[in-house]
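Before any comments, here is the structure.
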Amino acid sequence: MFESPSLLDGLNEQQRQAAAHRSGPLLILAGAGTGKTRTLVARAAWLREQGMPASRILLLTFTRRAADDMMARAAPRARAASERITGGTFHAIAHRIIREHAEAFSLPPEFTVIDPSDVTGLLDARRSDHGLVGTQRRAPRAGVCADIYTRCVNTQRPVGDIARTDYPWCTEFTGQLAELFRDFVAHKRGHGLVDFDDLLLLWRAALADPAAGPVLRGMFDAVLVDEYQDVNAVQADIVRLLQPDGTGLTCVGDDAQAIYAFRGADPGHLRRLADDYPGLSTVRLATNYRSKQAVLRLANTVRPQSAGLELELTGDRGSGAAPVLVRCHDEATQAREICARVLEAHEAGAELREQAVLVRAAHHSDVLEVELAARGIPFVKYGGLRFTEAAHVKDFLSAARVVANPADDVAWFRVLRLHEGIGPVHARRIIEILRPGDPGPFDRWADAVDAAPRRARAELTATVAALAKVVTLDRLGDRAAAILAALEAPLQARYPDAGIRIADLQRLADAAATRPSLHDALTELALDPPVSSSDLAGPPRLDEDFLIISTVHSAKGLEWPVVHLPHLVDGAVPSDMALSSAAGLAEERRLFYVAVTRARDQLFLYAPLRLHHHRMAVDDRHGYAQLSRFLSPAAQAACEAVDAVPPQPVLPRTGPLAAQVDAALGSLWRD
DNA sequence: GGTAACTGGGTTTTT
DNA sequence: CCCAGTTACC
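Position one of the first sequence corresponds to residue 971 (the numbering used here), numbered consecutively onward.
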């Protein structure tokens, strides 16, 4: 059979086999750096060449960035919608479908998508109604309730089950939790609120529906799923419902890179694909095109081997330099060592943006960030706190949501509380009176305002009146600007640095104005929040160069010529939160594997041997940390170890200096 | 007496 | 940022 030479050119034998797989369910087991994106892009191109219209190909990815990247590579010059592949995260695609057919999902067309912090807030507000106020006994807090809820949904296991296995200290509250969750769901339905989990549940329900299912299924002939090891039970159901016989199904994954169990993901779904689809063909990609052999040597000592899906990476980029393990005296030394090596690599020709510092937890880079700032090394941090989590951004988004969906009382709560003199109690009372219905909340304001303390009434009324007027504006840009104008006074009163924050929001308003609708803008911001306010200004200019700091989770799927991995001590990597269970520890190991395999040429590992707030049981008095247990003898043999000591000797203990100072001061207190 | 505002200590990972 | 405990207002 003749194939277009350009299409499969440059692919190796296995990649080609996967890209040009005829028909029937296909699983591509792709180790790190084995060209899986490339293969997936080639497969989409091949399907199109076989005559499948692009619009009938669905590409499900883990992040929106991955989807955009792949779609740009699959059809770089696609203009018409029919030439474009449908791509995005499960959540984004679900939202697109639900928004378009809100009535079919029995949702009001103005429904709003709430983010996890809204969910926590909502649960917190209703917790006391269900005997979950832990003054005497330790009742689960709002955050824990939210975790249990989403875990139940995403693993599809009942609350009692989840409590027993994952939250044993909450078992006595199972009954109350169940009631709370029932109430929570009813509340969401009653107020046009949809959380992230609902997006998946609704899509799945529609696919399973005898009437709607065939229509939704019929939209796509081929379904390509990336990072299949990180799907949860609901997502796995969606895939099965989209492709009941698997004719057009392609899944790509690597169970050694499963790092989202905490979110309900289960690599078991990857392993069970063969049971779900008896005709499954499997292709293994094991040739690594990313990393030098010396990096792969370390990676292979870390990679967990699971039955049936073994994979040993082999490279084709030459041997390279052994990873360097830098044992540092303490965290400050670690920060200096990282800076020194970043600059050294920079001197040797690696731009700052070709280097990344990957951390287990966002705060692991705190000391480093101070050091970088002091040395004038620019950096951008990914993961950790997001732009939309900043207080003023939440304020603005809440105001926008009040406009978009006046029944959204989570948003009302925040907008009301922004005003001086309004705390949780007054806000709740006002909302009680505003309760949606006919007439809507804006028309009931005259009654509700009486529930506010006298001194807050004038300002509140001004804000609400300004927001009510926004609805009458047509253009999205005008709406965004008017919402910001409505908030200006309370923002000024609340934040000492209001000027900077309002300028920030100005950019947000401008960015939102480019979206098709306020709902789309809000949902996009919730599902895929920009990592920093500078993100809104578009891609940074080419001449700007900065070091990347990222959590390992956010670094998934990415690569850099030079990678720095700090905090390789037990309690940090692996995290002390995960030490108590074998499953948790296994996930930490996979996380470390993902981190190591991000490096193309050079890898630096850092272990601060003395930590300030080290909470390990071992020899805690002196804060000495143990080298990460993942640095086995084999792993250490793959590295070159060096010791870094602080530049200054530690000062020996002296006499009672403070007493001497006090005595000297005493002589000053004579008149 | 009931609320709001302030203070100090702590923080895994995210669609 | 979030939470708990405390102080300071109405």
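Ideal Cβ positions, reconstructed from N, Cα and C, are used throughout, including at glycine.
CA nearest to the CA of residue i, picked from the options
| i | options | result |
| --- | --- | --- |
| residue 1193 | 1444, 1063 and 1220 | 1220 |
| residue 1717 | 1345, 1438, 1300 and 1262 | Within the shown structure, residues of the chain are numbered from 971 to 1641, placing residue 1717 beyond reach of any answer. |
| residue 1346 | 982, 1575 and 1516 | 1516 |
| residue 1601 | 1144, 1109, 1272 and 1123 | 1272 |
| residue 1599 | 1404, 1543 and 1493 | 1543 |
| residue 1423 | 1446, 1216, 1449 and 1395 | 1395 |
| residue 1411 | 1438, 1397 and 1432 | 1438 |
| residue 1481 | 1088, 1367, 1562 and 1013 | 1367 |
| residue 1521 | 1056, 1091, 1350 and 1121 | 1350 |
| residue 1566 | 1594, 1531, 1549 and 1546 | 1531 |
| residue 1449 | 1170, 1326, 1369 and 1353 | 1369 |
| residue 1581 | 1608, 1575 and 1538 | 1538 |
| residue 1533 | 1283, 1321, 1603 and 1079 | 1321 |
| residue 1122 | 1492, 1426 and 1133 | 1133 |
| residue 1241 | 1405, 1384, 1224 and 1463 | 1224 |
| residue 1372 | 1425, 1514 and 1441 | 1441 |
| residue 1575 | 1628, 1541 and 1611 | 1611 |
| residue 1415 | 1447, 1376 and 1444 | 1376 |
| residue 984 | 1255, 1485 and 1213 | 1255 |
| residue 1397 | 1274, 1413, 1409 and 1418 | 1418 |
| residue 1468 | 1636, 1431 and 1365 | 1365 |
| residue 1316 | 1244, 1348, 1163 and 1227 | 1348 |
Contacting residues, own chain, Cβ-Cβ under 7 angstroms from residue i (five flanking each side not counted)
| i | result |
| --- | --- |
| residue 1429 | 1389, 1459 and 1460 |
| residue 1291 | 1264 and 1572 |
| residue 1088 | 1380 |
| residue 1634 | none |
| residue 1523 | 1229 and 1353 |
| residue 1257 | 982, 1004, 1284 and 1286 |
| residue 1609 | 1268, 1292, 1293, 1294, 1295 and 1575 |
| residue 1055 | 1014, 1024, 1027, 1029, 1041, 1044 and 1045 |
Beta-carbon contacts of residue i that lie in its chain and below 6 angstroms, excluding the five residues immediately before and after
| i | result |
| --- | --- |
| residue 1075 | 1068 and 1172 |
| residue 1203 | 1125 and 1126 |
| residue 1454 | 1475 and 1479 |
| residue 979 | none |
| residue 1151 | 1119 |
| residue 1207 | 1174 |
| residue 1577 | 1297, 1538, 1539 and 1597 |
| residue 1392 | 1386 and 1426 |
| residue 1335 | 1329 and 1519 |
Contact set for residue i: own chain, Cβ-Cβ below 8 angstroms, skip 5 residues either direction
| i | result |
| --- | --- |
| residue 1497 | 1034, 1059, 1061, 1062, 1065, 1083 and 1166 |
| residue 1211 | 1174, 1177, 1178, 1183 and 1187 |
| residue 1032 | 1059, 1196, 1197, 1200, 1526 and 1527 |
| residue 1269 | 1002, 1261, 1283, 1563, 1566 and 1567 |
| residue 1128 | 1122 |
| residue 1421 | 1396, 1399, 1400, 1402 and 1403 |
Residue environment, residue i, which counts as buried when at least 16 other CB atoms sit within 10 Å
| i | result |
| --- | --- |
| residue 1098 | exposed |
| residue 1470 | exposed |
| residue 1630 | exposed |
| residue 1622 | exposed |
| residue 1306 | buried |
| residue 1603 | exposed |
| residue 1535 | buried |
| residue 1590 | Confidence is the limiting factor: at residue 1590 the pLDDT is only 48, short of 50, which leaves the residue's position unreliable, though a coordinate-based value still follows. So residue 1590 ends up on the exposed side. |
| residue 1324 | buried |
| residue 1638 | exposed |
| residue 1216 | buried |
| residue 1624 | exposed |
Proximity test, residue i beta-carbon vs the ligand PLP heavy atom, cut-off 7 angstroms
| i | result |
| --- | --- |
| residue 1039 | Questions concerning the ligand PLP fall outside what the structure shown contains, since it holds no ligand whatsoever. |
Identify every run of the beta strand (DSSP E) within the stretch 999 to 1062, keeping only runs that are complete inside it and at least 3 residues long; order them along the chain. 1027 to 1031 and 1056 to 1059
Jot down the residue ranges of each uninterrupted beta strand (DSSP E) in the stretch 1127 to 1197, minimum 3 residues, whole runs only, in chain order. 1163 to 1165 and 1192 to 1195
I want to know whether the stretch 1135 to 1142 touches the stretch 1081 to 1095 - three or more CB-CB distances under 8 angstroms. no
Sufficient close CB pairs (3 or more, under 8 angstroms) joining the stretch 1150 to 1164 to the stretch 1222 to 1238: no
How do the stretch 1539 to 1558 and the stretch 1379 to 1389 stand: do at least 3 beta-carbon pairs fall below 8 angstroms, yes or no? no
Beta strand (DSSP E) runs wholly inside the stretch 1339 to 1377, at least 3 long, in chain order: 1349 to 1352
Going residue by residue through the stretch 1471 to 1552, where are the continuous alpha helix (DSSP H) segments of at least 4 residues, counting only ones entirely within it? 1488 to 1497
As an exercise, report each continuous alpha helix (DSSP H) stretch of at least 4 residues that is fully enclosed by the stretch 1298 to 1332, in chain order. 1301 to 1317
Report yes or no: do three or more beta-carbon pairs, one from the stretch 1251 to 1260 and one from the stretch 987 to 1000, lie closer than 8 angstroms? yes
Length-filtered (3 minimum) beta strand (DSSP E) runs lying within the stretch 1240 to 1282: 1251 to 1255
What residue ranges within the stretch 1393 to 1448 form continuous alpha helix (DSSP H) runs of no fewer than 4 residues, ordered along the chain? 1394 to 1404, 1415 to 1418 and 1424 to 1440
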